[in-house]
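Sequences listed follow chains U and B, in order. Residues in the first sequence are numbered from 17 upward in steps of one, following the numbering used here. Residues in the second sequence are numbered from 17 upward in steps of one, following the numbering used here. Glycine included, C-beta positions come from ideal geometry on N, C-alpha and C.
2 protein chains.
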Amino acid sequence: MAATAQSKLAARYGAPDITPLKQWNDTLDQLLDHRSVRAFTDLPLPEGTIETLIAAAQSASTSSNLQVWSVVAVQDADRKDRLSALAGNQAYIRQAPLFFVWLADLSRVSRIGEQSDTELEALPYLESLLLGTIDAALAAQNALVALESLGLGSVYIGAIRNDIEGVAKELGLPPQVYPVFGMCVGYPSDDRPAKVKPRLPQRAVLHHEIYSATGEAAALAEYDEHLGAFYQREGMKASGWSEQVVSRLRSVSSLHGREQLVEELKRMGFGLR
Amino acid sequence: MAATAQSKLAARYGAPDITPLKQWNDTLDQLLDHRSVRAFTDLPLPEGTIETLIAAAQSASTSSNLQVWSVVAVQDADRKDRLSALAGNQAYIRQAPLFFVWLADLSRVSRIGEQSDTELEALPYLESLLLGTIDAALAAQNALVALESLGLGSVYIGAIRNDIEGVAKELGLPPQVYPVFGMCVGYPSDDRPAKVKPRLPQRAVLHHEIYSATGEAAALAEYDEHLGAFYQREGMKASGWSEQVVSRLRSVSSLHGREQLVEELKRMGFGLR
């Protein structure tokens with residue numbers, strides 16, 4: 017298995033500087049092989065796909081078993097069209113046969129409070145927003161691992177946060193529910209095969225005992241080179257990572273509406289104290 | 017494989033009311049089999065375990081490839097002691113040979129901005145806190161799937177947010193970094209075998225095309241019964257889910273410090289606009 021480990025790590029890190037476990041398995045292969053798929057065939061999904069993916073999602077951990085998340089499965093072409101328009105006009109939202117919108121959902125526990133005539137004082141805090149966001153993310157990532165094990169492909173759509181009120185209206189969301197991200201699901205098209213994207217050298221994100229940025233500059237310079245070479249191989253504009261980071265974050269305009277999140281969330285019933 | 021599917025779904029849902037895919041596999045088995053492990057043997061972890069888990073974590077999706085997360089691997093017994101004291105005194109933090117603290121990390125991109133002498137105007141927004149939180153959660157869940165595939169067990173520790181400034185001090189975190197949650201890792205002890213916990217009926221969390229709470233009351237009543245029966249079988253105080261939700265959320269005191277998150281995050285350099 018060591019041979020697979022080395023090739024998977026090489027794809028993920030360029031030149032890996034880590035020594036993996038001797039024990040290796042197919043699950044590790046699959047996890048390291050992840051790539052975001054942005055082109056889908058028109059093959060329909062087999063019956064039971066959605067139910068199976070959501071069973072995997074519900075099997076993820078959830079803080080205090082509160083299960084403060086929900087998901088909307090969208091298959092209607094017109095609705096996918098409108099959601100795509102709300103989320104930066106990404107064509108693959110229209111193309112994928114299935115589009116999940118993952119929700120942080122405090123409304124269900126809120127309804128339980130109402131029914132027992134009890135005020136839930138702990139709810140209107142930023143902590144609750146984080147609970148729902150984390151619950152939704154853990155669940156979604158389990159669904160993603162499940163769908164990749166079935167030969168399906170996927171990409172997360174953070175742009176669903178560009179206009180959370182618009183999305184809430186489209187999906188009929190009650191107060192205290194917000195869309196955390198979308199997720200396209202379908203069979204990957206061979207026309208535009210997705211590649212494993214190299215990540216930061218492990219020493220840049222993994223710290224032992226205490227956080228240390230010593231040696232970070234060298235690790236980032238190495239990564240700028242790896243990622244530039246990757247883009248060049250793929251026939252894309254070859255820019256280093258540092259350059260991308262700066263161009264993505266230098267201006268509020270790149271938030272495409274997400275600079276309004278606090279006000280929108282408050283109007284949608286979140287306390288955020 | 018259909019036989020496995022049915023038994024896994026029965027454990028996860030009590031009486032499952034869904035029809036899964038005909039196609040089934042070992043990865044789905046593993047995902048559905050997840051249980052939180054809160055008792056560990058003193059077997060040490062094989063060499064390369066941490067590096068392998070973090071390679072899986074880095075293989076998860078990250079918004080715009082910004083990789084705004086980091087992780088601290090804690091193995092020192094005294095540090096685990098102190099972290100346990102900061103996080104509700106949970107004994108398994110001390111017992112597990114490895115404790116990961118997963119971080120939302122805006123400091124790395126911030127350092128890149130400084131080095132290129134560019135103000136990153138898009139950074140001091142709630143959106144950036146969500147980016148880092150979601151990135152960390154997707155990465156952590158991949159690590160969890162990886163470690164379970166290796167026969168290891170784990171439990172998330174949300175109580176790490178009870179005192180994020182205390183944790184930041186213990187781990188030497190720079191500004192614009194906060195601990196999202198902890199994660200214990202080790203070999204599960206046979207003394208206290210962990211069980212698969214039933215979740216809400218799927219129809220309570222999965223919506224088609226639009227959100228609908230119709231039929232929710234019946235689904236919740238069913239779950240109250242299932243979960244009560246589960247606790248009874250386990251010899252624990254048998255309360256229904258609705259009761260647990262209310263008792264967990266009715267008072268701010270159950271936030272154990274997390275009601276201070278906004279003020280703490282601001283002192284720690286987050287903009288939260």
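Fewer than three Cβ pairs drawn from the region 214-233 of chain B and the region 154-165 of chain B lie within less than 8 Å of each other, which leaves the two stretches out of contact. Below the 8 Å Cβ cutoff, chain B contributes Leu37 as neighbours of U:Thr65, in chain order.
Pairing B:Leu25 with U:Ala73 gives a Cβ-Cβ distance that is not under 8 Å. Not one beta carbon of chain B lies nearer than 8 Å to the beta carbon of U:Tyr203.
Annotation for B:Ala21: Pro36, Leu37, Trp40, Leu44 place their beta carbon closer than 8 Å to its own, counting only its chain and skipping 5 residues before and after. The secondary-structure analysis by DSSP pairs U:Gly169 across a beta bridge with U:Gly202.
Sequence-distant Cβ neighbours of B:Ser205 in its own chain, meaning closer than 6 Å and more than five residues away, are Ala55, Phe56, Thr57. In the three-state reduction of the DSSP assignment, U:Ala55 falls in the coil class, being assigned neither a helical nor a strand state. Between B:Leu187 and B:Val125, the gap from beta carbon to beta carbon reaches 8 Å or more.
In this structure, U:Ala184 sits near U:Pro195, with a CB-CB distance shorter than 8 Å. The Cβ atoms of B:Val268 and U:Glu137 sit closer than 8 Å to each other. The alpha helix (DSSP H) runs of length 4 or more contained entirely in the region 109-178 of chain U are, from start to end of the chain, 123-131, 142-165. By the neighbour-count criterion, in which a residue is buried when 16 or more other Cβ atoms sit within 10 angstroms of its Cβ, U:Pro62 is exposed.
In this structure the region 76-85 of chain B does not lie against the region 161-176 of chain B, because fewer than three pairs of beta carbons, one per stretch, are closer than 8 Å. Within chain B, Val261, Val262, Leu265, Arg266 have C-beta atoms less than 8 Å from the C-beta of U:Gly129, given in sequence order.
Between B:Ile173 and B:Ala229 the beta-carbon gap is near 32 Å, outside 8 Å, which marks them as no contact.
Secondary structure of B:Ser23 (DSSP, three-state): helix.
Pairing B:Asp121 with B:Val193 gives a Cβ-Cβ distance under 8 Å. The residues Leu288, in chain order, have a CB closer than 6 Å to that of U:Leu142 in the same chain once the five nearest residues on each side in sequence are set aside. For U:His242, the closest Cβ of chain B is not nearer than 8 Å. For the options U:Glu130, U:Arg51, U:Ser23, U:Met199, the alpha carbon positioned closest to that of U:Arg110 is the one of U:Met199. In terms of Cβ geometry, U:Leu69 and U:Ala159 form a close pair [threshold 8 Å].
Going by beta carbons, U:Leu189 and B:Tyr227 fall inside the 8 Å limit. Within chain U, no residue has its CB atom less than 9 Å from the CB of B:Arg283, the nearest being about 14 Å off.
Contact between U:Leu146 and B:Thr149 is confirmed by a C-beta separation of about 6 Å, below the 8 Å threshold.
Under the DSSP assignment, B:Ser263 falls in the alpha helix (DSSP H) whose first and last residues are 257-265. In the DSSP secondary-structure assignment, U:Tyr194 is bridged to U:Ala120. With distances taken between CA atoms, U:Thr65 lies nearest to B:Leu222 out of B:Leu222, B:Val278, B:Ser270. Note on B:Asp33: under 16 other CB atoms within 10 angstroms of its CB, so exposed under the neighbour-count rule. The contact set of B:Ile70 on chain U, defined by CB atoms closer than 9 Å, consists of Ile34, Gln218, Val221, Leu222 in chain order. The C-beta of B:Tyr247 comes no closer than 8 Å to any C-beta of chain U. In this structure, the straight-line span from the alpha carbon of B:Val53 to that of B:Val171 is close to 5 Å. The beta-carbon of U:Ser255 is placed no less than 8 Å from the nearest beta-carbon of chain B.
Identification of chain B residues near U:Gln192 by a Cβ-Cβ cut-off of 8 Å yields none; the smallest Cβ-Cβ distance measures about 12 Å.
Among the bridge pairs identified by DSSP, U:Val88 is matched with U:Val117, B:His223.
Of the residues assessed, U:Glu280 falls on the buried side of the cut-off, its CB having 16 or more other CB atoms within 10 angstroms.
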